[in-house]
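Visitor: Going down the list, the sequences are from chains A, B and C. Just so you know, numbering that gives the first Met the number 0 puts the end of the first sequence at 163, numbered straight through with nothing missing. Just so you know, numbering that gives the first Met the number 0 puts the end of the second sequence at 119, numbered straight through with nothing missing. Just so you know, numbering that gives the first Met the number 0 puts the end of the third sequence at 85, numbered straight through with nothing missing. Glycine residues also receive a C-beta, built at the ideal position from the N, C-alpha and C atoms. None of these values were measured; they are calculated from a predicted model.
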Amino acid sequence: MKIKNQFAIFIVLMIIWFLINNSFKLEVIAVGFVLSFVIAIIFGKRTDVLNEFKFTPTAFFYTLIYLLVFFWELIKSNIQVALIVLKPSLPINPGIVKTRTILKSKMARMILTNSITLTPGTLTVDIEKDILYIHWINVESLDIDVATEKIVKKFENILVKIYG
Amino acid sequence: MENSIVEIIGAFLVLIGSVFLFLGALGLVRMPDVFNRIQTGTKASTLGTFLTFFGLVFIMPEWWGKLILLIIFILMTNPVSSHVLARAAYCIKVPMFKKTVIDLYGKDAEKLFKKETKNE
Amino acid sequence: MVNKILFIAALIMMLAILLTLYRFFKGTTAADRLVAFDVMTVSSLSLIGLIAKFSDRIIYLDVAMVYGLLSFLGVIIVARYFEKGL
Numbered sequence: 000m001k002i003k004n005q006f007a008i009f010i011v012l013m014i015i016w017f018l019i020n021n022s023f024k025l026e027v028i029a030v031g032f033v034l035s036f037v038i039a040i041i042f043g044k045r046t047d048v049l050n051e052f053k054f055t056p057t058a059f060f061y062t063l064i065y066l067l068v069f070f071w072e073l074i075k076s077n078i079q080v081a082l083i084v085l086k087p088s089l090p091i092n093p094g095i096v097k098t099r100t101i102l103k104s105k106m107a108r109m110i111l112t113n114s115i116t117l118t119p120g121t122l123t124v125d126i127e128k129d130i131l132y133i134h135w136i137n138v139e140s141l142d143i144d145v146a147t148e149k150i151v152k153k154f155e156n157i158l159v160k161i162y163g
Numbered sequence: 000m001e002n003s004i005v006e007i008i009g010a011f012l013v014l015i016g017s018v019f020l021f022l023g024a025l026g027l028v029r030m031p032d033v034f035n036r037i038q039t040g041t042k043a044s045t046l047g048t049f050l051t052f053f054g055l056v057f058i059m060p061e062w063w064g065k066l067i068l069l070i071i072f073i074l075m076t077n078p079v080s081s082h083v084l085a086r087a088a089y090c091i092k093v094p095m096f097k098k099t100v101i102d103l104y105g106k107d108a109e110k111l112f113k114k115e116t117k118n119e
Numbered sequence: 000m001v002n003k004i005l006f007i008a009a010l011i012m013m014l015a016i017l018l019t020l021y022r023f024f025k026g027t028t029a030a031d032r033l034v035a036f037d038v039m040t041v042s043s044l045s046l047i048g049l050i051a052k053f054s055d056r057i058i059y060l061d062v063a064m065v066y067g068l069l070s071f072l073g074v075i076i077v078a079r080y081f082e083k084g085l
């Protein structure tokens with residue numbers, strides 16, 4: 000298990016190293032290899048988040064769909080908030096609501112909460128077991144189920160298929 | 000001076016990104032309390048920076064490695080910092096906007112913060 | 000053409016940074032100032048990217064990366080200080 004963690008971190012570090020250097024000379028590869036190896040040995044023991052990536056074709060397919068949905072939501076909600084900011088009367092209706100999630104794995108939860116935070120209008124304030132506390136700029140419903148339906152479901156439906 | 004159509008598309012993407020950055024800053028000035036400022040400020044600036052670097056990929060194709068790395072870096076760190084800011088603002092009891100509809104976090108938050116300090 | 004559009008974009012970004020500076024100095028609470036600082040550094044990241052394009056030096060993108068890392072760390076540390084003390 001420990002070796003698997005370290006290997007995952009090693010691969011990610013090597014990819015970052017090649018993106019930074021953008022060259023495949025022998026000395027560049029050697030320095031990157033040694034650095035990634037040392038960092039992976041030191042810090043890889045307890046970092047088990049990266050292990051939850053899956054590399055099956057279905058996971059890849061749904062990741063692509065997820066990225067499409069995410070960028071669409073990002074642009075749409077950014078334009079909505081921009082319109083709110085530009086209106087002189089500032090029509091906001093803020094509040095903190097509770098929602099529920101059914102995801103269990105750490106990676107899926109991280110992706111879900113980061114996506115919710117990145118789409119403007121919703122901001123994850125805290126997470127406790129399966130309750131998400133979300134600051135909503137324009138509260139439409141106080142009920143936990145309706146809020147879950149409106150904020151969480153559109154991302155969660157796809158993430159469930161990847162991470163189970 | 001002739002530019003290819005790809006470069007002009009990239010330049011317009013950069014322009015749209017800068018407009019989003021400006022709107023985020025405007026929201027930061029106009030919004031009434033901390034949480035709404037976080038909402039408009041950090042998110043609009045995320046999309047603005049994303050579009051700027053994405054447009055620069057069109058203009059400077061040989062720089063794609065570092066630009067993509069910067070985009071990934073911003074998409075990973077910016078939500079984390081806005082979440083942490085919101086939690087910290089709640090924790091030092093910044094007053095909320097007077098038209099705030101509801102605050103379901105209030106009762107649970109005190110319990111959660113107490114439990115965390117006990118654990119340490 | 001491209002350079003002119005990029006120059007206008009850089010001007011708009013500078014205007015955005017000036018607006019965040021207004022919030023940074025006026026504040027009213029410490030959290031407001033921290034939010035303004037965060038938005039200001041993220042906006043200046045893209046300005047640094049444009050400067051790299053104008054002067055045609057890829058090394059400035061490394062500056063942008065380190066700048067972003069340091070501002071992220073700074074925001075996290077100050078927020079943690081608000082929450083629990085150092």
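#1: Relative to the C-alpha of Asn21(A), which candidate in Ser70(C), Glu82(C), Ile58(C) and Leu69(C) has its C-alpha closest?
#2: Please report the residue range of the beta strand (DSSP E) in which Thr123(A) lies.
#3: When you compare only the Cα positions, how much space is there between Ile25(A) and Lys3(A)?
#4: Step through the CB atoms of chain A and report whether any lies within less than 8 Å of the CB of Pro78(B).
#5: Around the Cβ of Ile10(A), are there at least 16 other Cβ atoms within 10 angstroms (buried) or fewer (exposed)?
#6: How would you list, in chain order, the residues of chain B whose beta-carbon sits under 9 Å from the beta-carbon of Gly26(C)?
#7: So Lys83(C) is in the beta strand (DSSP E); what residue range does that whole segment cover?
#8: Compare the C-alpha of Leu68(B) against each of Leu72(C), Ala63(C), Ile16(C) and Ala35(C) and name the closest.
#9: Is there at least one non-hydrogen atom of the ligand ADP closer than 7 Å to the beta-carbon of Ser42(C)?
#10: For Leu22(B) and Val84(A), I'd like the C-alpha separation in whole angstroms.
#11: With distances taken from CA atoms, which of Val80(A), Thr123(A) and Lys86(A) is nearest Ile95(A)?
#12: Excluding sequence positions up to five away, which residues of its chain have a Cβ less than 7 Å from the Cβ of Thr98(A)?
#13: May I ask you to list, following chain order, the residues of the stretch 19–44 of chain B that have a beta carbon less than 7 Å from some beta carbon of chain A?
#14: Check the Cβ-Cβ distances between Ala85(B) and every residue of chain A, and say whether any is below 8 Å.
#15: Would you be able to state if there are at least three C-beta pairs under 8 Å between the stretch 61–78 of chain A and the stretch 31–46 of chain A?
#16: Taking the alpha-carbon positions, what's the Val30(A) to Leu10(C) distance?
#17: Would you decide whether Leu82(A) is buried or exposed? Buried here means 16 or more other CB atoms lie within 10 Å of its CB.
Guide: Checking against the coordinates, here is how it stands:
#1: Checking every option, the nearest Cα to that of Asn21(A) belongs to Ile58(C).
#2: DSSP places Thr123(A) inside the beta strand (DSSP E), whose first and last residues are Thr121 to Glu127.
#3: Inspection of the sequence shows that residue 25(A) is occupied by Leu rather than by Ile. Spanning the alpha carbons of Leu25(A) and Lys3(A) requires a straight line of approximately 26 Å.
#4: Put simply, the CB of Pro78(B) is near chain A, with a gap under 8 Å to one of its CB atoms.
#5: Exposed is the call here.
#6: Within chain B, no residue has its CB atom less than 9 Å from the CB of Gly26(C), the nearest being about 10 Å off.
#7: That residue, Lys83(C), is in no beta strand (DSSP E); its alpha helix (DSSP H) goes Ile58 to Lys83.
#8: Cα-wise, what sits closest to Leu68(B) is Ala63(C).
#9: The ligand ADP is absent from the structure shown, which contains no ligand whatsoever.
#10: Leu22(B) and Val84(A) have their C-alpha atoms some 7 Å from each other.
#11: If we check each option's Cα against that of Ile95(A), Thr123(A) comes out closest.
#12: Same-chain partners within the cutoff: Leu131, Ile133, Ile143, Ala146, Thr147, Ile150 and Val151.
#13: Legend: CB atoms of the stretch 19–44 of chain B lying less than 7 Å from CB atoms of chain A belong to residues Phe19, Leu22, Leu25, Gly26, Arg29, Phe34, Asn35, Ile37, Gln38, Thr39, Lys42 and Ala43.
#14: Residue contact with chain A for Ala85(B): present (Cβ-Cβ distance below 8 Å to some residue of chain A).
#15: Output reads no: the stretch 61–78 of chain A does not touch the stretch 31–46 of chain A.
#16: Val30(A) and Leu10(C) have their alpha carbons spaced roughly 40 Å apart.
#17: Label assigned to Leu82(A): exposed.
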